[in-house]
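Colleague:
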Amino acid sequence: MTAKVLDGKKIAANIRAEIGEEVESFVSQTGIVPHLSAVLVGENPASEVYVRNKQRACDEAGIASGLHRLADTATQSELLALIDELNQDRAVHGILVQLPLPEQIAEAEIQEAICPSKDVDAFHPENVGRMVQGKPRFLPCTPQGIQQLLVREGIEIAGRRVVVIGRSDIVGKPIACMLSNRGTGGDATVTLCHSKTEALDSIAREAEILIVAIGQPEFVTAAMVRQGAVVIDVGIHRTDDGLVGDVDYAAVSQIAGAITPVPGGVGPLTVAMLLRNTLRAAELSAGS
Ligand code: GUN
Numbered sequence: 003m004t005a006k007v008l009d010g011k012k013i014a015a016n017i018r019a020e021i022g023e024e025v026e027s028f029v030s031q032t033g034i035v036p037h038l039s040a041v042l043v044g045e046n047p048a049s050e051v052y053v054r055n056k057q058r059a060c061d062e063a064g065i066a067s068g069l070h071r072l073a074d075t076a077t078q079s080e081l082l083a084l085i086d087e088l089n090q091d092r093a094v095h096g097i098l099v100q101l102p103l104p105e106q107i108a109e110a111e112i113q114e115a116i117c118p119s120k121d122v123d124a125f126h127p128e129n130v131g132r133m134v135q136g137k138p139r140f141l142p143c144t145p146q147g148i149q150q151l152l153v154r155e156g157i158e159i160a161g162r163r164v165v166v167i168g169r170s171d172i173v174g175k176p177i178a179c180m181l182s183n184r185g186t187g188g189d190a191t192v193t194l195c196h197s198k199t200e201a202l203d204s205i206a207r208e209a210e211i212l213i214v215a216i217g218q219p220e221f222v223t224a225a226m227v228r229q230g231a232v233v234i235d236v237g238i239h240r241t242d243d244g245l246v247g248d249v250d251y252a253a254v255s256q257i258a259g260a261i262t263p264v265p266g267g268v269g270p271l272t273v274a275m276l277l278r279n280t281l282r283a284a285e286l287s288a289g290s
């Protein structure tokens, strides 16, 4: 069996077109142009590409964007001062501080400094708490993209056995929470696995939906996948053989029922969800 390829790029293009229409009607009703401010500290080449892609996507959807650059020697207080300025700026609706940050910066303090109503990454503890309680203001972009992919592909989630590999704050923990929350896009039975999990292979093989965000190239082999499973690969790694994910795509696509490619799977959906959150932030600030 060869797995169906889940075309994240195509779904993201549809979502971006929908958001573009919503932005147009928001602007015509309120006269307010949604605005995202990105902050880039240092010159990490991957971050440069991600931020450029995010800005281009904003532009295409009619969302204004600004880029604030700090040197990789920037101090905590310089970054906090910039965030304070953006928090105060009424024209800025969304603030995104691109990760990773240089090691002299305490990431958690930065995330807590962003005004929760402008926190389009949904990393602020208030937004994490709201998401856990099932009353989100914003949903984090990558997990929201995965959930949209499953829903829009008509993949049943309620009652299904989901295994998540990787417990990061950005992907693993929130997707496990969102898929087990009550309601549309949720109601799954979720197991969250990580580096200390015992018998990982046999737990992964129980998954009807396997979500892999472990950050290791081709970590998931065919022997870890149940026949017909839906496999979502969040990883992206540059190797001598080109870009690969956290899943051994060639082998696993012979076992799985459906699988996301790398690139062109989860990545484009993350960007689309950032646009959704920025529009939502602008709507919140306009009181709608
Ligand atoms: N770096 C990798 N993923 C992300 C993300 O979703 N948001 C931010 N701000 N930085 C990232």
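Taking the numbering used here, the leading residue of the sequence shown gets 3, the next gets one more, and so forth.
For each residue, glycine too, the CB sits at the ideal point set by N, CA and C.
Would you identify the three-state DSSP class for Ile-116, choosing helix, strand or coil?
Modeller: Three-state result, Ile-116: coil.
Colleague: Relative to the alpha-carbon of Leu-36, which residue among Gly-289, Ser-290 and Arg-282 has its alpha-carbon at the smallest distance?
Modeller: Residue 36 is actually Pro in this sequence, not Leu. Residue Arg-282 is the option with its Cα nearest to Pro-36.
Colleague: I think Val-222 touches Ala-206, with their Cβ atoms under 8 Å apart; what is that distance to the nearest whole Å?
Modeller: So it is a contact: roughly 7 Å between Cβ atoms.
Colleague: Just the Cα atoms here: how many angstroms apart are Gly-96 and Leu-82?
Modeller: Their backbone Cα atoms lie some 16 Å apart in a straight line.
Colleague: Please list, in chain order, all residues of the same chain as Ala-225 whose beta carbon is under 7 Å from its beta carbon, the five residues on each side excluded.
Modeller: Hits under 7 Å: Asp-203.
Colleague: Does the segment 160-170 touch the segment 193-200, meaning 3 or more C-beta pairs lie closer than 8 Å?
Modeller: A contact exists between the segment 193-200 and the segment 160-170.
Colleague: Could you work out which residue in Leu-271, Ser-290 and Arg-278 is closest to Lys-11 when comparing CA atoms only?
Modeller: Out of Leu-271, Ser-290 and Arg-278, Leu-271 has the C-alpha closest to the C-alpha of Lys-11.
Colleague: Mind checking Asn-183: buried by the 16 CB within 10 Å criterion, or exposed?
Modeller: Buried, because 16 or more other Cβ atoms sit within 10 Å of the Cβ of Asn-183.
Colleague: Opposite Ala-1 in the DSSP bridges: which residues?
Modeller: Because the chain is modelled from 3 through 290, residue 1 falls outside the range shown and cannot be assessed.
Colleague: Looking at the structure shown, is Ala-147 part of a helix, part of a strand, or coil, going by DSSP?
Modeller: For the sequence presented, residue 147 should be read as Gly rather than Ala. If DSSP states are grouped into helix, strand and coil, Gly-147 belongs with the helices.
Colleague: Under three-state DSSP, which class holds Leu-69?
Modeller: The answer is strand: DSSP assigns Leu-69 an E or B state.
Colleague: May I have the straight-line CA-CA distance separating Asn-129 from Gln-78, to the nearest angstrom?
Modeller: Rounded to whole angstroms, Asn-129 to Gln-78 spans 22 Å at the Cα level.
Colleague: Excluding the five sequence neighbours on either side, which residues of its own chain have a C-beta within less than 7 Å of the C-beta of Ala-209, listed in chain order?
Modeller: Correct list, in chain order: Arg-163, Val-164, Val-165, Arg-228 and Ala-231.
Colleague: Take every Cβ of the segment 24-32, pair it with every Cβ of the segment 173-183, and state whether three or more of those distances are shorter than 8 Å.
Modeller: No, the segment 24-32 does not touch the segment 173-183.
Colleague: Less than 8 Å between the beta carbons of Pro-219 and Val-173, yes or no?
Modeller: Cβ distance not < 8 Å, so Pro-219 and Val-173 don't count as in contact.
Colleague: Does the ligand GUN have a heavy atom nearer than 7 Å to the CB of Gln-100?
Modeller: Answer for Gln-100: yes, Cβ within range of the ligand GUN.
Colleague: Just verifying my parser: in three-state terms, what is the DSSP assignment at Val-43?
Modeller: DSSP places Val-43 in strand when its eight states are reduced to three.
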